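Position 259 of the first sequence, counting from 1, maps to 258 under numbering that gives the first Met the number 0, and the rest follow consecutively. Ideal Cβ placement from N, Cα and C applies to all residues, glycine included. Only a predicted model underlies this, so the values are computations on that prediction, with no experimental measurement involved. I have placed the structure first, in the form of structure tokens, so that the comments after it can refer back to it.
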Amino acid sequence: MEPRGRYAPSPTGNMTVANAYTALRAWLDVKSRGGEFVLRIDDTDPERNVVTVDSIVSDLTSLGITWDEGPDVGGPYAPYVVSRRLERHVEAARSLEASGRAYWDYTPPLEDASAHKKTKGADRGRTGAYRGNPEPVSGVEPVLRLRVPDARVEVHDRVFGEISQAADDIGEVALLRSDGTPTYHLASCVDDIDMRITSVVRGADWLNSLPQHWLILEALGADPMPEFAHLPLLVGKDGQKLSKREGGLAIRHLVAEEGVPPLALDAYLANLGFPERPDLLSLTELASDFDIAAHNRNSPRFDPKKLRSFTRRWLAEKEAEDSFVAEIRDRAPAVGEDTVRLLLPGVRPRVGTYQEAADLYAFLLASDEAGRDVTPISDEVAARIIGTEPWSAAQLEAAVDSAVPTDAEQRKAMMKAFRDALAPGFRVTPPIHYLLLGLGRERSRIRLGVRTEAAG
RNA sequence: GCCCCCAUCGUCUAGCGGCCUAGGACGCCAGCCUUUCAAGCUGGUAGCACGGGUUCGAAUCCCGUUGGGGGCGCCA
């Protein structure tokens, strides 16, 4: 049977590289096995929903991740937005209660749950897993909880292997809140069954909930039970779970603002947890032999430097000329398309993002003025360069080459002078002949301080 | 505090009892090349957390310690 996998983000913030890391693996896992991929929005906590379905869809799309069913494209198990499936969840909850697999807990709610969560150490004042109070208490609206059978739960995880937990250590997770709405735990399990999900790939921050979810799935009669793969958490520089608040790691920031090529980001993220390949791989190539069971179990760190080496190579070797040109034009609209295309070979090997590429064209936008220090360049040499025929990359390269001295020191000094005069203030630029080519004969003449025949 | 997970160069990783004097990639350093800056090429730097076992033999297996991460009453 072909697997059906899903990615079920909660719209609690912009997608970060950590989300992309998870989504990509979930996608690669089903695609490598010829299965179907479902996008489902897990908006079970209305108070924390801050981003739209559209924003999730566009972030995922920008990364080249596609889905067969989802909130935007529909499908046989619609709707794919959890909050719109409430009736099903409540119905499932009732059946669990009826079969005795769940019960009402009358423990009053914690005054300050968020403060409680932050409490560490002995101050926590509790040991062992949560157990509720089934005796009705007047004035308390109960919450429906999973009843934990008195048996050790053992589940196979495709990445982490056998996961087992004693019954005493498994908390009685909430299924319905006191206001009657379903929690993520219930909703997620019900939806996975309803949508015929056979493969769940998610972050290891869910690993502790696995026994509980397994119990819920069993109690709900899931057949077959889905297989699980938990991913070691992608962590930040500090070694801790990446927070959605870290704006710099938001996909849209990286892609839209910094100009990181999304497919290169995919190649980098997909590589984490696996040995590095000699070639930069596309999504299809990555999917061809993806094996989640071979995934490393320790948490990889997001390393911007390593990312840049992927994006740099991507732009130098794999980016198609037309799309590269389009990206640069978006970021440097004042530069003509022909010019962008003409200088691209000189730009390609020097940049790690589309933005860096666009920035390499900025020298064209400065105003032309003579009077720079062009001391090492004699009037005669400058005039000879300006007189180059035809004004082509190859011809200009040859002209510059024959004009500069052979002595290493002098050559260095003269090249630097050319660069300073043609692209004042720019540290990294395309090669000199590309600067000349981009500026054109007349503007180059002015920048090099060569007087015209008439003026002289 | 309790539970779960993890542990090889700074980072990503190879290694599944002898092939390891621990290999590769990124970073960093140096040299070469070169039409500046980049890129490229060559070389270098740096690691099996610690302690016990098991074994003829351990980075590899077991136990412990330490360290790190994650989770723990109606967030996801």
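Original post:
Relative to the alpha-carbon of residue 423, which residue among 140, 367 and 344 has its alpha-carbon at the smallest distance?
Top reply: 367
Original post:
Whose C-beta lies closer than 7 Å to the C-beta of residue 130 among residues of the same chain, with five residues either side of it excluded?
Top reply: 171
**OP:** Rank 137, 269 and 276 by C-alpha distance to the C-alpha of residue 491 and give the top, closest one.
**Re:** Coverage of the chain is limited to positions 0 through 455, which leaves residue 491 absent and any answer about it impossible.
Original post:
Using the C-alpha atoms, what's the distance from residue 173 back to residue 99?
Top reply: 15 Å
Original post:
So is residue 72 buried or exposed if we call it buried at 16+ other beta carbons inside 10 Å?
Top reply: exposed
Subject >> Which of helix, strand or coil DSSP assigns to residue 120 >> reply: Because residue 120 sits at a pLDDT of 48, beneath the cut-off of 50, its placement in the model cannot be relied upon, and the point is left open.
**OP:** Out of 109, 88, 69 and 142, state which residue places its alpha-carbon closest to the alpha-carbon of residue 102.
**Re:** 142
Original post:
Could you give the distance in angstroms between the alpha-carbon of residue 415 and the alpha-carbon of residue 287?
Top reply: 48 Å
Subject >> Inter-residue spacing [alpha-carbon to alpha-carbon] between residue 363 and residue 295 >> reply: 48 Å
Original post:
What does a CB cutoff of less than 6 Å around residue 121 pick up in its chain, not counting 5 residues either side in sequence?
Top reply: Note that residue 121 scores 45 on pLDDT, short of 50, meaning its location in the model is unreliable; the coordinates nonetheless yield the value given after this. Closer than 6 Å at Cβ, skipping near neighbours: no residue.
Subject >> Cβ contact check for the segment 246 to 264 and the segment 186 to 198: 3 or more pairs under 8 Å >> reply: no
Subject >> residue 60 classed as buried or exposed, judged by whether at least 16 other C-beta atoms fall within 10 angstroms >> reply: exposed
Original post:
Taking residue 327 as the reference, which of 266, 339, 318 and 317 has the closest Cα?
Top reply: 339
Original post:
Per DSSP, residue 249 is paired with what?
Top reply: 15
Original post:
If you draw a straight line from the C-alpha of residue 421 to the C-alpha of residue 282, how long is it?
Top reply: 41 Å
**OP:** Count the CB pairs spanning the segment 175 to 190 and the segment 71 to 89 that are closer than 8 Å, and state whether there are at least three.
**Re:** yes
**OP:** Could you tell me the distance, in whole angstroms, from the CA atom of residue 206 to the CA atom of residue 212?
**Re:** 10 Å
Subject >> Segments assigned alpha helix (DSSP H), at least 4 residues, entirely inside the segment 70 to 105 >> reply: 85 to 97
Original post:
What is the DSSP secondary structure of residue 425, counted as helix, strand or coil?
Top reply: coil
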